[in-house]
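Quick note: to get the numbering used here, add 27 to the position in the sequence shown (first position is 1).
Glycine residues also receive a C-beta, built at the ideal position from the N, C-alpha and C atoms.
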Amino acid sequence: MFADLDASYITGKHSGSLKDSSGEDEYLADLAPTNIGLKLGYYLTNDLMVAWRGKWYDSKSEEHMPVASSFRTDQATDAYFIQDFYIAFTGESGALNNWEAYLTVKNITNQYYKPYMSDGIAAAGRDVRVSVAYKF
């Protein structure tokens, strides 16, 4: 079994306005919102692994961003929680030696959200990805 926990928090203000150095201090542009992630996984066998990942992103309000200008590329966002599921197979012997296969289901709950730095465009819904590779 394995687990991974991560968190990120960034804040900061620019001394003076981004457009006018003698203006009032304002928040820095393009600071990512606070986020916390947890990944839990289990090795069913030596070559087969399953995992779940949940990631929470805090909201980003207008009051914590610089005034609208050419220096600002982000937009306000609501808080959201995304869940992903993974299955990975890595052949270690016999005919399947050096073969790898992955199944990833991103956003398994089909959550509607507008990710940070997406210019207000909603993210894709549930996304299923399959990958097969051979190492040589």
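Under the three-state DSSP convention, the category residue i falls into
i	result
A59	coil
A13	Residue 13 lies beyond the range of the chain shown here (28 to 163); nothing can be said about it.
G147	coil
G68	strand
E90	helix
A128	strand
E53	strand
K40	strand
Y140	coil
I135	coil
Q102	coil
Range of the contiguous beta strand (DSSP E) that encloses residue i
i	result
S158	154-161
Y84	75-84
D31	29-35
A122	Segment: none, A122 is in no beta strand (DSSP E) and carries neither H nor E.
Counted within 10 angstroms of its Cβ, other Cβ atoms place residue i as buried (16 or more) or exposed
i	result
T38	exposed
T104	buried
N134	buried
Y143	buried
Y107	buried
Y84	buried
Close Cβ partners of residue i (< 7 Å) along its chain, the five nearest in sequence each way excluded
i	result
D52	K40, H41, S42, G43
T136	Q110
Q26	Outside the modelled stretch of the chain, which goes from 28 to 163, sits residue 26, for which no answer is possible.
Y160	Rather than Tyr, the amino acid found at residue 160 in this sequence is Ala. Same-chain partners within the cutoff: E127.
With three or more beta-carbon pairs closer than 8 Å as the criterion, would you say the region 115-125 touches the region 47-65? The region 115-125 vs the region 47-65: no contact.
Any chance the region 83-90 sits against the region 125-134, with 3 or more Cβ pairs inside 8 Å? Taking 8 Å as the limit for Cβ pairs, the verdict is that the region 125-134 does not touch the region 83-90.
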